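Note sheet for the following structure.
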Amino acid sequence: TQLLEQSPQFLSIQEGENLTVYCNSSSVFSSLQWYRQEPGEGPVLLVTVVTGGEVKKLKRLTFQFGDARKDSSLHITAAQPGDTGLYLCAGEKVRTGANNLFFGTGTRLTVIP
Amino acid sequence: GAGVSQSPRYKVAKRGQDVALRCDPISGHVSLFWYQQALGQGPEFLTYFQNEAQLDKSGLPSDRFFAERPEGSVSTLKIQRTQQEDSAVYLCASSLWEEAGNTIYFGEGSWLTVV
Chain E
1359 TQLLEQSPQF
1369 LSIQEGENLT
1379 VYCNSSSVFS
1389 SLQWYRQEPG
1399 EGPVLLVTVV
1409 TGGEVKKLKR
1419 LTFQFGDARK
1429 DSSLHITAAQ
1439 PGDTGLYLCA
1449 GEKVRTGANN
1459 LFFGTGTRLT
1469 VIP
Chain H
21 GAGVSQSPRY
31 KVAKRGQDVA
41 LRCDPISGHV
51 SLFWYQQALG
61 QGPEFLTYFQ
71 NEAQLDKSGL
81 PSDRFFAERP
91 EGSVSTLKIQ
101 RTQQEDSAVY
111 LCASSLWEEA
121 GNTIYFGEGS
131 WLTVV
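So the sequences go chain by chain: E and H. If you read the first sequence in this note's numbering, its first letter stands for residue 1359, the second for the next number, and so on. If you read the second sequence in this note's numbering, its first letter stands for residue 21, the second for the next number, and so on.
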């Protein structure tokens, strides 16, 4: 059972188009992280957002953390074939003696040249 | 190397066989995590170590799964009497501290196929 639902699950777009991926939960998280995973590799961290309402930009990628810290979005402007991959959001819950990352269901993006 | 190293990268096991998956975290990292990732899914938490202490094993799917980190560095995930539903990528990750927002680094994973 995964606490975070991502949508869409699959996305295929033409080079140059914009897209948004959503990550939703009914749980509150201390931070929200976005990862990209290439085939045969482990997830690689793109960004961490900590404050409700926070917006971070990484070149053509814009990440937003919801005000209530339950949801997040990733917006890509002018997508390029190099953006192709599996995008994962992960919410962090801090408990005494441990911190856990709960991953979303993933969005597989294909950018067609 | 400087990253999290896992071995073997690929393992094919016959149903009923025992397997052991090894993780070498980044040197000095206190926290170590194991995740299971089924095909087309996001990783799911299995267990967490802080140094040699296994503080959370709530994600282990059955008593056939066992993990250890006896000296607080290298960790081994053992699966006994493997079944087909155990086929997945097993990801190990480590982080320097256990504080919130700390960066977690993933290995490339061990791909297990049970036939």
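Cβ atoms here follow ideal geometry from the backbone N, Cα and C, with glycine treated the same way. Since the model is a prediction, treat every value here as computed from it, not as a measurement.
With a cut-off of 7 Å, does the C-beta of residue i fall near any C-beta of chain H?
i: F1461(E); result: yes
i: N1382(E); result: no
i: G1464(E); result: yes
i: L1446(E); result: yes
i: N1376(E); result: no
Give me the chain E residues within the contact set of residue i, using Cβ-Cβ distance strictly less than 8 Å, ordered along the chain.
i: E128(H); result: G1398, E1399, G1400
If you compare alpha carbons, which of the options is closest to residue i?
i: A108(H); options: A87(H), W131(H), R89(H), S114(H); result: W131(H)
i: Y1393(E); options: V1413(E), K1417(E), T1406(E); result: T1406(E)
i: L1403(E); options: V135(H), Y125(H), K31(H), A73(H); result: Y125(H)
i: A1436(E); options: S1383(E), F1368(E), L1444(E), T1378(E); result: T1378(E)
i: S1370(E); options: Q1438(E), E1399(E), F1387(E); result: Q1438(E)
i: C1381(E); options: H1433(E), Q1395(E), P1401(E), R1418(E); result: H1433(E)
i: A1426(E); options: T1465(E), Q1364(E), V1386(E); result: V1386(E)
i: F1461(E); options: V1469(E), E1450(E), T1420(E); result: E1450(E)
i: T102(H); options: G36(H), V50(H), A22(H); result: G36(H)
i: P28(H); options: L111(H), R84(H), N122(H); result: L111(H)
Check each residue of the stretch 1399 to 1426 of chain E: if its Cβ is closer than 8 Å to any Cβ of chain H, include it; give the result in chain order.
E1399, G1400, P1401, V1402, L1403, T1406, V1408
Taking any Cβ of chain E, which residues in the stretch 56 to 68 of chain H have a Cβ under 8 Å from it, in chain order?
Residues of the stretch 56 to 68 of chain H with a C-beta atom less than 8 Å from some C-beta of chain E are G60, Q61, G62, P63, E64, F65, Y68, listed in chain order.
What are the residues of the stretch 74 to 86 of chain H that lie near chain E, defined by any Cβ-Cβ distance shorter than 7 Å?
L75, D76
Completely contained beta strand (DSSP E) runs for the stretch 1419 to 1448 of chain E, where each covers 3 or more residues:
Whole beta strand (DSSP E) segments, 3+ residues: 1419 to 1423, 1429 to 1434.
Unbroken stretches of the beta strand (DSSP E), 3 residues or longer, contained in the stretch 39 to 86 of chain H
39 to 44, 51 to 57, 64 to 70, 73 to 76
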